Amino acid sequence: MLSALTQLLIFQLAGEVVARGLALPIPGPVLGMLFLFIALMLRQGPDKELQTTSQNLLQHLSLLFVPAGTGIMVHLHRVADEWLPLLLSLLISTVATLVVTALVMKLCQRAPTAPGEAP
Amino acid sequence: MSPDISQIWVYLSASPLLGLTITLLAYQAAFKLYLRSGNNPLANPVLIAVAMLVLFLTATGTRYETYFAGAQFVHFLLGPATVALAIPLYTQFKRVRAMLLPVLAGLLAGSLTAIVSAVLIGWLFGASQSTLLSLAPKSVTTPIAMGITERIGGIPSLTAVLVIVTGILGALGARYVFDAMKLRDPAIRGFAIGVAAHGIGTARAFQVNEQSGAFAALAMGLNGALTALLVPVLAPWIGQLVSR
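Going down the list, the sequences are from chains E and Z. Following our numbering, the numbering of the first sequence begins with -2 at its first residue and continues without gaps. Following our numbering, the numbering of the second sequence begins with -13 at its first residue and continues without gaps.
As structure tokens, this is what we get:
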């Protein structure tokens, strides 16, 4: 677990350094993900430890959002004042994003069907 | 007896131990409820855990900053967890490569829809300018969204909240939206959840299906990067909306 966690931190650190060093708009952890992905391609997959640790971490991904979500208590005033525009905006926009993304993907998928694929 | 208890409370309320412990406790209780409901999206564990924590902190008069001093250790793991998303991505890479065109087209359409529709609807119903700026990156994962908002002059901590509400709404609603569309492909379902509802949607997708989860993770990463590019470009337009 320790070596896997260290690997993840090293890739995150590399991502942070490159993002800040080159003043890229892409956040450090996302670059870190890209670097790790490239490393996995080069060494043909993760070692067992990295595989297990990542699985454990991702299994409870939703836990990691709880501290930031609890921050709603700081903004209760604004949320109370603007609850209608906020709720409508988040609700409609989220549904619209789901529908538009899925529809566009479906349409693009139908156009060039790969003929060689197994039935 | 009672002075002892109040002294213990003085210690606990000043140490990071309590914030960390109650975060884990609240989440585990919420997760048990979620499992008992048969993974019903309406019993979203983030929603329930946050509700429990806000009630507890309000009831005990604990400030959010004090709580966060402990909870930050959990929050910090968002970074390594984002990096770890490379692994499911690698596992599903063959399928992703076969779907390159739909993935890129869906990403661009979805990313623009998420930003523009959130800002337009908020503006239509009279949200203030700082709220609109904080709304723009609401579909991408917390650390990225907060960074974007900071740069365009919104309120990062408000963005964090809006991001999480968005994630919960996406995780709650996606199943019903896709079923109504008669959409079954787990790859497309996962990708759309990842674009609309970042990590919370991705967590939900992983619980339903490994392939959905991998596509959600891919979408979340790509949309984080694309939104970080698009929102600063669109920010002057958001500013103009309100001044008119």
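Virtual Cβ for every residue (Gly too), placed ideally from N, Cα, C. Quantities reported herein were computed from a predicted structural model and do not represent experimental measurements.
CB contact check: residue i to chain E, cutoff 8 Å
i: Ala29 of chain Z; result: no
i: Gly47 of chain Z; result: no
i: Gly24 of chain Z; result: no
i: Tyr(-3) of chain Z; result: no
i: Thr135 of chain Z; result: no
i: Thr117 of chain Z; result: yes
i: Gln58 of chain Z; result: yes
Neighbour flag for residue i against chain Z, beta carbons, 8 Å
i: Leu47 of chain E; result: yes
i: Ala20 of chain E; result: no
i: Ala93 of chain E; result: yes
i: Leu(-1) of chain E; result: no
i: Arg17 of chain E; result: no
i: Leu39 of chain E; result: no
i: Leu74 of chain E; result: According to the sequence as given, residue 74 of chain E is His; it is not Leu. So no, His74 of chain E is outside the interface.
i: Val101 of chain E; result: yes
i: Val14 of chain E; result: no
i: Pro116 of chain E; result: The pLDDT assigned to Pro116 of chain E is 44, lower than 50, so where the model puts this residue is not dependable; a value taken from the coordinates is nonetheless given after this. Not an interface residue.
Beta-carbon spacing of residue i, residue j below 8 Å
i: Leu33 of chain E; j: Ala72 of chain Z; result: yes
i: Ser86 of chain E; j: Leu216 of chain Z; result: no
i: Ala146 of chain Z; j: Ala77 of chain E; result: no
i: Gln9 of chain E; j: Val69 of chain Z; result: yes
i: Phe111 of chain Z; j: Leu81 of chain E; result: yes
i: Ala191 of chain Z; j: Ala202 of chain Z; result: yes
i: Leu155 of chain Z; j: Leu73 of chain E; result: no
Backbone CA spacing between residue i and residue j [nearest angstrom]
i: Ile101 of chain Z; j: Gly25 of chain E; result: 22 Å
i: Leu2 of chain E; j: Pro129 of chain Z; result: 19 Å
i: Thr49 of chain E; j: Ile224 of chain Z; result: 44 Å
i: Val60 of chain Z; j: Gly180 of chain Z; result: 22 Å
i: Thr124 of chain Z; j: Ser90 of chain E; result: For the sequence presented, residue 124 of chain Z should be read as Lys rather than Thr. Going by the C-alpha atoms only, they are around 10 Å apart.
i: Met70 of chain E; j: Tyr50 of chain Z; result: 7 Å
i: Arg161 of chain Z; j: Asn26 of chain Z; result: 10 Å
i: Val101 of chain E; j: Gly92 of chain Z; result: 5 Å
i: Gly207 of chain Z; j: Asp171 of chain Z; result: 20 Å
i: Leu58 of chain E; j: Val40 of chain Z; result: 20 Å
i: Ala157 of chain Z; j: Ile186 of chain Z; result: 7 Å
i: Gly29 of chain E; j: Ser(-8) of chain Z; result: 46 Å
i: Tyr53 of chain Z; j: Ala131 of chain Z; result: 22 Å
i: Asp165 of chain Z; j: Tyr(-3) of chain Z; result: 51 Å
Terminal residues of the alpha helix (DSSP H) in which residue i lies
i: Arg40 of chain E; result: First-last for Arg40 of chain E: undefined, no H or E at that position.
i: Arg75 of chain E; result: 73 to 78
i: Arg175 of chain Z; result: 172 to 194
i: Lys80 of chain Z; result: 79 to 84
i: Asp44 of chain E; result: Run containing Asp44 of chain E: none; DSSP gives neither H nor E here.
i: Leu43 of chain Z; result: 31 to 45
i: Arg49 of chain Z; result: Element bounds for Arg49 of chain Z: n/a, residue is neither H nor E.
i: Gly156 of chain Z; result: 142 to 167
i: Gly139 of chain Z; result: From DSSP, Gly139 of chain Z is part of no alpha helix (DSSP H); its letter is neither H nor E.
i: Thr9 of chain Z; result: 2 to 22
Which residues, in chain order, does the segment 68 to 91 of chain Z contribute to contact with chain E at a C-beta distance below 9 Å? So the list reads Thr68, Val69, Ala70, Leu71, Ala72, Ile73, Pro74, Leu75, Tyr76, Thr77, Phe79, Ala84, Met85, Leu87, Pro88, Val89, Leu90, Ala91, given in the order they occur along the chain.
Identify each residue in the segment 173 to 195 of chain Z for which the Cβ-Cβ distance to at least one residue of chain E is less than 8 Å, and report them in chain order. From the segment 173 to 195 of chain Z, only Ile174, Arg175, Phe177, Ala178, Ile179, Val181, Ala182, Ala183, Gly185, Ile186, Thr188, Ala189, Arg190, Phe192 have a Cβ closer than 8 Å to chain E.
For the segment 55 to 72 of chain E, enumerate the residues whose C-beta is nearer than 9 Å to any C-beta of chain Z, in chain order. Considering only beta carbons, the part of the segment 55 to 72 of chain E lying closer than 9 Å to chain Z consists of Leu55, Gln56, His57, Leu58, Ser59, Leu60, Leu61, Phe62, Val63, Pro64, Ala65, Gly66, Thr67, Gly68, Ile69, Met70, Val71, His72, in chain order.
If you measure beta-carbon to beta-carbon, which residues of the segment 94 to 115 of chain Z are closer than 9 Å to chain E? Within the segment 94 to 115 of chain Z, the qualifying residues are Leu94, Ala95, Gly96, Ser97, Leu98, Thr99, Ala100, Ile101, Val102, Ser103, Ala104, Val105, Leu106, Ile107, Gly108, Trp109, Leu110, Phe111, Gly112, Ala113, Ser114.
What residues from the segment 127 to 153 of chain Z come within 7 Å of chain E, judged by C-beta to C-beta, listed N to C? Listed in sequence order: Thr128, Pro129, Ile130, Gly133, Ser143, Leu144, Ala146, Val147, Leu148, Ile150, Val151, Thr152, Gly153.
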